[in-house]
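Just so you know, we're using full-length UniProt numbering here: the sequence shown kicks off at 1 and counts up by one.
So the structure is just underneath, and the comments pick up after that.
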Amino acid sequence: MNIRNSIILALVALIGFSCSHKEQLISNPEQLKDISHMLEAQKKLTANSNIHVWDVFDQPLTDDERQAMEYLYAYMPLSDLGDLPADFFLTNARKSLQTREDMAWGKTVPEDLFLHFVLPVRINNENLDSFRIAMYDEIKARVQNITSMEQAALEVNHWCHEKVVYRGTDIRTSAPLSTIRKAFGRCGEMSTFTVAALRTAGIPARQVYTPRWAHSDDNHAWVEVWVDGVWKYLGACEPDARLNMGWFTEPSTRAILMHTRAYGKYFGPEEVINHEDRFTELNVTSNYARVKKLYVDVKNADGTPAENAKVEYQLYNYAEYFPIATQYTNAEGETSLSMGLGDIIVWASQGKKIDFKRVSISQVDTVNLVLANEELNGKHFDFDFVPPHVVTDTTQLTATEKTVNEKRLALEDSIRACYIETFKTDDWSKALAKELGLDEDPVVKAIHLSYGNWPEIEAYLRENTKDTHVLDLLRGISDKDFSDTKASILSAHLQNTIHDTKLPEEIFVDYVLAPRVLNEMLRTWRKSLQESFAAEKDEFVKDPQKLTEWIKQNITIDDMANMHSRTDLSPTAVYNLRVSDTESRNFFFVATCRALGIPARLNPATELPEFWKDGEWIRAEFSENMPAVPETGKLILVNGDNPIEPQYMIHFTIGKLIDGNYHTLQYPFTKKVTEFGELDLEAGDYYLVTGNRLEDGSVLNSCDFFTIEAGKTKTLTVTLRQSIDAPKAIAKLEFSQLNISKLDDKMVVSLDQVAGGKNMVLALLDPNKETSKHILNDLGDYLEHFNAWTGEFVFLTAEDRPQLGAVLNSYQLPKNYISGFDKDNNVLQALMKNFGEDVKSKLPLVILTDASGQVFLFSSGYKIGIGEQLLKVIPAMTMAGSESCCQP
């Protein structure tokens, strides 16, 4: 064969190979090695399972499908392994793979970003649903003519805004389709929903989260999206004309920590907070704020390095020291973390040995801690916490960009409003109650809270009308449950409840009939548990501690295996999978007791499982350190000399020492100190944390360590530290020259007429924005105080914001308020003159004035706790009123 023919044959062979060769979905050898390792670990963990977790890999799969499913199952949390079928994940994986063909950018997304931020259905701790499957075609159609990833991301966010707007809800994170069904969600739900939509479009997206703000109580979540090689951010369901814009831009410059999670083992460039087996926690703080790496050096009392010591970076927020990040020291006793330039507590522990320091991150390079069994009982500490300084956002949109975006937002509001019009009215609900012969009020409440889920609630009521407990069951579910629970689930609970008529009715309804245990998604479990424990029922009813023993012998506890989702496994999944995290184990115990007719609960303060027997609550003995009937003492809290009465989780909390860290007791949010009476507390070590957050976001904090002794009573006075600085007038508004158009009768009046010689709170709002809704929500916490105040509340918006009235009607507001439009923006112009041109882009604006127009408080932008700040300044303003800001 001559050389020419050899070359031709070689070329033909090469062409044939290249045509048949296809790149693998996953080519990174390190990733492949870790997937193989974790698959073996997962199979070992589920070896005793009653369900066929791994059968999905026995069916025909393409190479890409097999690698995608291996990746998902290698890192899958227990909640997803146990509660969702393999077909669910396979169908979702196929949709993800389809984006690489359907979307213009599909083939440009790098392998690692596709794996971590497109393929996974799970985003955070939400309940999973078929959103990607159900909405794929709709979202595809929305972006099919767009070639730019950035424009596509913006378009998807507009689509999200058509479906969902902000409103505060409880801690359980709704699934994306459920969020659409009710047309609103809190920031964690909106960001989860938006990330799901972006991933459905094949655009890498992740939820960014600040666990707690430094300058304000509460937290926030938003979205980062990868477009053309760069991560950029956006406000979920809050579309701006460009990326890297949002109301949280400036607040984020004051944050201590912002993080995100990547599904699986991550090999990207971001700083890693923690590498866990099934996910990676990434530090993205430097994308938003000035940061500094803080080093922590932990030693034992003998000077040797404390290896594997637990280090918590704690931030004061909601009257507790909240751990925004947790790490463990290396062999040298060291760890480190980059954070914003504010104040925190660094707390180290190992067993019962602890040490801690309050740290100003900007002033310290290394924190040195020495673990010891220090006696803290009786010790008192005063700490001042100062948040990072704000960095002003100078981004400006053109007039055209603003106009175009505003028009789109208005159209999207109208589309959403049309959907909301399909929700049933109270009159319809009253007619339903009358037809079914049921009490009117609970039926009206149930239908109102169901929003777009009203057909399911109606179906439940119709199916079970003759059951005497049909409405009692609804007492045991949360407001959110009405909006995303199917009739079949409610009916299954009602129809499969064992009713021991010897039980007091209240105990039966609240702790046997109730389908809800804590914050979990409602599912069916009574019948399956009754069938599973048919042989053991009599034994467990006679002595519920026998159920505790069964669980200890049959259920493996692995908290890290469910850490990524932090979503409870259903009781049925715990039984079938035979593996659980601690919280799901506790849930399983309570659910099984209720299924067998035994009253059970999670203790409202400690959240530990208990059953009711012979008239008392007895703890399930899962640990020798937690006896069934612990020794207790009493704590009496006394209100000190405070301007306003302290409230739980606003001004004070109580924490119990468990394994080297203090855990906040879960008493009702905002419960007043004088409402506690005598508290029965388990004997042990505790601390009382108090705090007074000032207008600038800083906190005057105290911490008192104390011990509860068995059979004895401890009395503590709750006193909030006070600022010594009296408020002074900072500006003056000429009320007679500022006009508003009243919302009710459209009459144009001056602020002078509105004030009528009274002090006034004036709030300039954008009713569509989350930040304005936070302000309205805060005021509702102090209605008793504001209704007794002789001053006036005025809520204003721009003349092109007709939604104000509807938004105000959805909140509990002081009775003494009027609402209207800022005539020709003259109030905004006056505030710009006094407080700077940039305030026009920092709504909401809240001012407190005396009757003459002197301003004693001015707040702009995002703030939690404005109600409390007003209550602090109002009495002091009255005393300071003679000191005019305009006098020489």
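For glycine and all other residues, C-beta sits at the position ideal for the given N, C-alpha and C.
| query | Which residues mark the beginning and the end of the alpha helix (DSSP H) in which residue 890 is found? | reply | The requested residue 890 does not occur in the structure, where the chain is confined to residues 1 to 888.
| query | When we look at the beta-carbon of Y295 and count the other beta-carbons within 10 Å, is it buried (16 or more) or exposed? | reply | Around the beta carbon of Y295, a 10 Å sphere encloses fewer than 16 other beta carbons of the protein chains shown; the residue is thus reported as exposed.
| message | Beta-carbon within less than 7 Å of G865's beta-carbon, same chain only, minus the 5 sequence neighbours each way: which residues are those? | response | S216, D217, R693, D778
| message | Given this structure, state the Cα-to-Cα distance separating V873 from N642, to the nearest angstrom. | response | 14 Å
| query | Span of the alpha helix (DSSP H) holding N330? | reply | Neither: N330 is in no alpha helix (DSSP H) and is coded neither H nor E.
| field | L369 versus K352 - alpha carbon distance | value | The alpha-carbon atoms of L369 and K352 are separated by roughly 15 Å.
| task | List the whole-angstrom C-beta distance separating L45 from V579, where the pair is believed to meet the contact cut-off of C-beta under 8 Å. | result | 6 Å
| query | Any heavy atom of the ligand FAD within a distance shorter than 7 Å of the CB on P204? | reply | Of the ligands one can find in the structure shown there are none, so the ligand FAD has no counterpart to examine.
| task | For residue 890, count neighbouring C-beta atoms within 10 Å of its own C-beta (all shown protein chains included) and say buried if the count is 16 or more, exposed if not. | result | Residue coverage of the chain in this structure runs from 1 to 888, which leaves residue 890 outside it and unanswerable.
| The alpha helix (DSSP H) with L779 in it runs from where to where? | 770 to 780
| message | Do A620 and F589 count as a contact pair if the criterion is CB distance below 8 Å? | response | yes
| query | What number of angstroms, rounded off, separates the C-alpha of T400 from the C-alpha of R206? | reply | 30 Å
| task | Note down the Cα distance separating F622 from V574, rounded to an integer number of angstroms. | result | Their backbone Cα atoms lie some 16 Å apart in a straight line.
| Inter-residue Cα distance where the pair is T653 and G867 | Going by the C-alpha atoms only, they are around 20 Å apart.
| Going by other Cβ atoms of all chains shown within 10 Å of its Cβ, with 16 needed for buried, is D704 buried or exposed? | Classification for D704: buried.
| task | For S860, write down the residues that DSSP places opposite it in a beta bridge. | result | L845
| request: Could you name the residues of the same chain whose beta carbon sits closer than 6 Å to that of L397, not counting the 5 residues immediately before and after it, in chain order? | output: Excluding positions up to five away in sequence, the list reads A241.
| Roughly how many angstroms separate the alpha carbons of S841 and D822, rounded to a whole number? | 15 Å
| Residue range of the beta strand (DSSP E) that R619 falls in? | 616 to 619
| query | Can you give, in chain order, each stretch of the beta strand (DSSP E) that sits fully within the UniProt domain "Transglutaminase-like" (179 to 238) and has at least 3 residues? | reply | 205 to 210, 220 to 227, 230 to 234
| said: In the DSSP output, what is Q24 paired with across the bridge? | reply: Beta-bridge pairing links Q24 to no other residue.
| said: What would DSSP say about M560, mapped onto helix, strand or coil? | reply: In the three-state scheme derived from DSSP, where H, G and I count as helix and E and B as strand, M560 is classed as helix.
| query | According to the Cβ coordinates, are L688 and F669 closer than 8 Å? | reply | no
| said: Counting C-beta neighbours from all protein chains within 10 Å, is the total for T715 16 or more, i.e. buried, or is it exposed? | reply: exposed
| DSSP beta-bridge partners for H663? | Per DSSP, K656.
| message | Taking 8 Å as the limit between beta carbons, can you name the residues of its chain near Y328, skipping five residues before and five after? | response | N308, A309, K310, V311, T335
| Relative to the C-alpha of P646, which residue among N453, I256, R721 is closest? | R721
| field | Buried or exposed (CB count within 10 angstroms, at least 16 for buried), Q495 | value | exposed
| How about V165 and S191: are their beta carbons less than 8 Å apart? | no
| query | Pick from L243, L738, G340, F279: whose alpha carbon is nearest that of A289? | reply | G340
| request: Report the three-state DSSP secondary structure of M339 (helix, strand or coil). | output: strand
| With distances taken from CA atoms, which of R254, M258, V225, A262 is nearest N244? | V225
| field | Helix, strand or coil at S723 according to DSSP, with G and I counted as helix | value | Judged by DSSP in its simplified three-state form, S723 adopts coil rather than helix or strand.
| Closest to H116 by CA distance: which of N661, D102, Y75 is it? | Y75
| request: Starting from the Cα of W612, find the closest Cα among A628, P442, V346, E624 and give me that residue. | output: Just measuring C-alpha positions, the residue of A628, P442, V346, E624 sitting nearest W612 is A628.
| Looking at the structure shown, is K712 part of a helix, part of a strand, or coil, going by DSSP? | coil
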